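*Asks:* This structure is in structure tokens; I'll ask about it shortly.
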Amino acid sequence: MINISNYYEQLVIDKLWELSEVSENPFTQSFLEDVACLALNNLPTCYVRSLVDKGATMTEQDHQQIRTTVGHAIERAMEQVRRHPHENRYD
Numbered sequence: 025m026i027n028i029s030n031y032y033e034q035l036v037i038d039k040l041w042e043l044s045e046v047s048e049n050p051f052t053q054s055f056l057e058d059v060a061c062l063a064l065n066n067l068p069t070c071y072v073r074s075l076v077d078k079g080a081t082m083t084e085q086d087h088q089q090i091r092t093t094v095g096h097a098i099e100r101a102m103e104q105v106r107r108h109p110h111e112n113r114y115d
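Residue numbering for the sequence shown follows the numbering used here, starting at 25 and increasing by one per position.
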């Protein structure tokens with residue numbers, strides 16, 4: 025099996041975990057999954073063989089820019105999911 029991953033996936037998951045830890049109201053699994061999907065769909069794809077290798081070649085400024093970009097994508101996704109919650113959709 026080929027071992028690759030989207031660099032942004034773990035960053036989004038980590039940020040959502042961080043936000044859920046400090047939230048007064050717990051996020052549902054459905055909410056987190058919807059937010060993660062929307063955020064990732066609005067971030068560039070960046071497939072890597074190793075997250076460590078990718079991170080090692082970036083400056084601290086690069087890391088900060090990516091964290092900021094991920095944060096903005098998550099904020100927009102949260103707003104969208106709150107406006108149109110999965111639980112209110114009809115299949």
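Just so it is clear, CB atoms sit at the ideal spot from N, CA and C, and this is done for glycine as well.
All figures in this text were calculated on a predicted structure; none of them were measured in a lab.
Which runs of the alpha helix (DSSP H) spanning at least 4 residues fall entirely within the stretch 30–83, listed in chain order?
*Replies:* 31–46, 53–65 and 75–80
*Asks:* Please report the distance separating the alpha-carbon of T93 from that of L67.
*Replies:* 8 Å
*Asks:* Do D58 and V105 have their C-beta atoms within less than 8 Å of each other?
*Replies:* yes
*Asks:* Measuring alpha carbon to alpha carbon, tell me which residue in A97, D86 and P109 is nearest L64.
*Replies:* A97
*Asks:* Between N27, D77, I28 and L62, which has its C-alpha nearest L40's C-alpha?
*Replies:* L62
*Asks:* Mapping the DSSP letters down to three states, classify I28 as helix, strand or coil.
*Replies:* coil
*Asks:* Report the three-state DSSP secondary structure of H8 (helix, strand or coil).
*Replies:* This structure cannot settle anything about residue 8, because the visible part of the chain is limited to 25 through 115.
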